[in-house]
Amino acid sequence: MKILITGTAGFIGFSLAKVLLNDGWEVVGIDNFNDYYDVKLKEDRNKILEENKNFKLYRLDISNLEELKKVFKENKFDKVCHLAAQAGVRYSIDNPYVYADANLVGFVNMINLVKDAGIKQFVYASSSSVYGDTSKVPFNEKEDVSKPISLYATTKKANELIAYTYHHLFGLKTIGLRFFTVYGPWGRPDMAIFKFAQQMSKGEEIPVYNYGKDMKRDFTYIDDIVDGIIKAIDCDYDNEVFNLGKGDPDELGEMINIIEKHMGMKAKKDLLPMQKGDVLITYSDTYKAKKMLGYNPKITLNEGIEKFVEWFKQYYNIK
Ligand SMILES: NC(=O)c1ccc[n+]([C@@H]2O[C@H](COP(=O)([O-])OP(=O)(O)OC[C@H]3O[C@@H](n4cnc5c(N)ncnc54)[C@H](O)[C@@H]3O)[C@@H](O)[C@H]2O)c1
4 MKILITGTAG
14 FIGFSLAKVL
24 LNDGWEVVGI
34 DNFNDYYDVK
44 LKEDRNKILE
54 ENKNFKLYRL
64 DISNLEELKK
74 VFKENKFDKV
84 CHLAAQAGVR
94 YSIDNPYVYA
104 DANLVGFVNM
114 INLVKDAGIK
124 QFVYASSSSV
134 YGDTSKVPFN
144 EKEDVSKPIS
154 LYATTKKANE
164 LIAYTYHHLF
174 GLKTIGLRFF
184 TVYGPWGRPD
194 MAIFKFAQQM
204 SKGEEIPVYN
214 YGKDMKRDFT
224 YIDDIVDGII
234 KAIDCDYDNE
244 VFNLGKGDPD
254 ELGEMINIIE
264 KHMGMKAKKD
274 LLPMQKGDVL
284 ITYSDTYKAK
294 KMLGYNPKIT
304 LNEGIEKFVE
314 WFKQYYNIK
């Protein structure tokens, strides 16, 4: 089986590609290695994938239709998992055009080429951010999500609508996955757990928003997410959106305590007001993914942070 995964130099794409290569899949990756965060981390992930002879990388921008067409001309794919996107809620406030290019133009390029190539299914990344600042928890897929509060969230909701249209018009099977705050080894340095570990290790203050009060996130460990994506790739539904979260949010303060415990360091906290575009809580209702995909997240925040810190200390050579 041959799969196209976009965003393979990224956190989730890399983690998925690694598991599928180990399972004997042929994997074609696409990434533009942009400098939204440390490019060396992306190159290091990619080096690991390139050790496997069944991996082939195209370094290109998905908003460049002509370059993208070549990938589909040169390969025949059984499956496609589209994870490349400009991520980040806060960054989208000041950098709207990057989101328009990667998440809107890039998304249309991808889904249209998948349709033209006669590939039956299109699995893609959506986000828990589509739920906006609703206080109705847990977040259920049936909720109205027509009031996104960041441009990032808007592009992800737009992706779900475009996917529906491609299903309606062309019968393409589309599966959107709303990921909830994913973390773990080889994670994203712009996200809280990674960022806090990095700042603590340098003796810097960590920014704690909303003064550390009432902030909760449904932190979800990368292996559980990869397992959910693989189940989505294997499924045969027509047009669905699934929450992929842990289904059990943790307090920000608890997350900091656990990082301190495993890092063996104390955090210096910089208590700040709530950020624009941010929400107080994310909380995944995992019933649908459990029932329809057999998704079963297992890793607790304590276990996951322990594994993350182990990797973090080794990667950055911290004693
Ligand atoms: N990590 C999370 O908690 C989380 C939560 C919700 C949704 N998501 C979504 O999951 C997907 C993967 O996220 P991630 O955490 O691995 O992020 P990531 O930034 O680590 O990975 C995305 C990869 O896509 C690449 N990319 C970006 N724009 C591109 C373009 N125009 N052309 C080609 N490559 C491009 C980047 O270089 C990067 O390597 C994204 O769609 C993201 O929006 C992630």
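With positions in the sequence shown counted from 1, the corresponding number in my numbering is that position plus 3.
Backbone N, C-alpha and C define an ideal beta-carbon position, used for all residues, glycine too.
query                                                                                                       : result
Opening and closing residue of the alpha helix (DSSP H) in which Ser66 lies                                 : Premise fails: Ser66 is in no alpha helix (DSSP H) and is neither H nor E.
Buried or exposed (CB count within 10 angstroms, at least 16 for buried), Phe311                            : buried
Buried versus exposed call for Val42 [16 or more other C-beta atoms within 10 Å across all chains shown]    : exposed
Run of the beta strand (DSSP E) containing Tyr127, from where it starts to where it stops                   : Gln124 to Ser130
Three-state secondary structure assigned by DSSP to Ser287                                                  : strand
Close Cβ partners of Met327 (< 8 angstroms) along its chain, the five nearest in sequence each way excluded : Because residue 327 is not part of the residues shown, which for the chain are 4 to 322, the question remains open.
Arg48 beta carbon near ligand 1 (any heavy atom closer than 6 angstroms)                                    : no
Any beta strand (DSSP E) of 3 or more consecutive residues that is wholly inside the region 181-262         : 208-211 and 242-247
Under 7 angstroms between C-beta atoms of Lys123 and Ile236                                                 : no
Coil, strand or helix - Val31 by DSSP                                                                       : strand
Where Asp273 sits in the DSSP three-state scheme                                                            : strand
Alpha-carbon spacing of Pro192 relative to Ser149, whole angstroms                                          : 30 angstroms
Same chain, Cβ closer than 6 angstroms to Trp314, neighbours up to 5 away in sequence not counted           : Pro188
Among Val126, Gly135 and Ile261, nearest to Ile232 - alpha-carbon criterion                                 : Val126
Residue environment, Asp97, which counts as buried when at least 16 other CB atoms sit within 10 Å          : exposed
Cβ-based neighbour list, Phe197, same chain, cut-off 8 angstroms, excluding 5 preceding and 5 following     : Tyr186, Gly190, Arg191, Phe311 and Phe315
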